[in-house]
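In my numbering, the protein residues as written are 1 to 284. Presented below is the structure to which this report refers.
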């Protein structure tokens, strides 16, 4: 299944995508949140859809598409998880996964604008393969990791490099600004992705391709990452783990290339659809 949410920000309704068409399933009740995933929501929704075959109403054309999940308890990211990306930034290949967090207020829809933060001069892009947790996970083994997955999402880990790297402290300063986590257009359940170890990821800015990689080049695999993170914190249903970005970020060029108002960022991944964000200046 492909889960979608649509409508005005903060007032989204739930839906599903079938053969490229978005359908409303708000009569099912609730939202795609912790309670939904924790209470076998995906299986129950499948039954609801079967019971209403041919009766679902298409989402109005032009309706805003929101993040396919409601605001989660955590948005976790794995840094420098592609060798080519670590090399382009001059960083050492990590011996263990680097974990940082994006604020949950950075979450936005896949076609919402990216707003350059106040005083920013180095806003950058990162296409990533994201994991959505489906069952509470604490100290899980790598062998059992997939039992805790609800599905996967496309994520643009937008980053402000000066805030992240030049302002002292943690990376979080440059990662959690408003609009810095466009997710979607849909959540693909596990059965939708044939091989998570070979998912192509790409990103363009103004039509020029900057990133073109694959999850086959991950340093730390999806099950390893889930198991590893669960050793340090409990993962709750609906939490997102973004697995890192391949080479081609703006920081990696000489001289670096950063986003400016009017730029158009487009990105996609096999089985996870595509998204598009227009870059806007902070208005205050």
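Heads up, the beta-carbon is just placed ideally off N, CA and C, and yes, glycines get one too. Only a predicted model underlies this, so the values are computations on that prediction, with no experimental measurement involved.
Close beta carbons around residue i, own chain, < 7 Å, minus the five adjacent residues each side
i           : result
residue 246 : 82, 84, 85, 201, 211, 213, 217
residue 140 : 148, 226, 227, 230
residue 115 : 178, 179, 280, 282
residue 26  : 13, 14
residue 57  : 23, 24
residue 263 : 205, 206, 279
residue 251 : 89, 124, 161
residue 50  : none
Best match in the options for proximity to residue i [C-alpha to C-alpha]
i           : options            : result
residue 237 : 66, 156, 70, 207   : 70
residue 45  : 223, 203, 14       : 14
residue 271 : 205, 187, 258, 63  : 187
residue 150 : 41, 262, 264       : 41
residue 191 : 251, 146, 75       : 146
residue 268 : 223, 220, 205      : 205
residue 277 : 54, 113, 3         : 113
residue 121 : 262, 19, 257       : 257
residue 75  : 101, 50, 68        : 101
residue 208 : 253, 265, 219, 88  : 265
residue 54  : 137, 2, 18, 43     : 18
residue 4   : 189, 144, 260, 118 : 189
residue 106 : 255, 117, 137      : 117
residue 346 : 43, 99, 2          : Summary: the structure shown does not reach residue 346, with the chain confined to residues 1 through 284, and so no result is reported for it.
residue 260 : 110, 119, 96       : 119
residue 97  : 138, 219, 199      : 219
residue 111 : 193, 232, 68       : 68
Contact check, residue i vs residue j, beta carbons under 9 Å
i           : j           : result
residue 185 : residue 154 : yes
residue 133 : residue 239 : yes
residue 31  : residue 12  : yes
residue 292 : residue 9   : In the structure as shown, the chain starts at 1 and stops at 284, and residue 292 therefore has no counterpart that could be examined.
residue 90  : residue 244 : no
residue 64  : residue 152 : no
residue 37  : residue 135 : yes
residue 126 : residue 249 : yes
residue 60  : residue 108 : no
residue 124 : residue 88  : no
Other residues of its chain near residue i: CB distance less than 6 Å, five sequence neighbours each side excluded
i           : result
residue 167 : 173
residue 48  : 28
residue 242 : 77, 128, 130, 155, 157
residue 224 : 142
residue 274 : 268
residue 163 : 173, 174
Residues near residue i in its chain [Cβ-Cβ closer than 8 Å; skip 5 each side]
i           : result
residue 73  : 34, 104, 236, 238, 239
residue 196 : 129, 152, 215, 222
residue 176 : 101, 102, 103, 105, 106
residue 165 : 171, 174
Inset, instruction - Please list the segments of the beta strand (DSSP E) lying wholly inside the segment 207 to 270, counting only runs of 3 or more residues, in order along the chain. - result: 208 to 214, 240 to 242, 264 to 269
Legend entry - Start-end ranges of the alpha helix (DSSP H) lying completely within the segment 38 to 123, minimum 4 residues: 41 to 51, 83 to 88
Legend entry - Sequence ranges, beta strand (DSSP E) only - wholly within the segment 146 to 174, length at least 3: 149 to 156
Legend entry - Segments of 3+ residues assigned as beta strand (DSSP E) that fall wholly inside the segment 5 to 32: 13 to 18, 21 to 24
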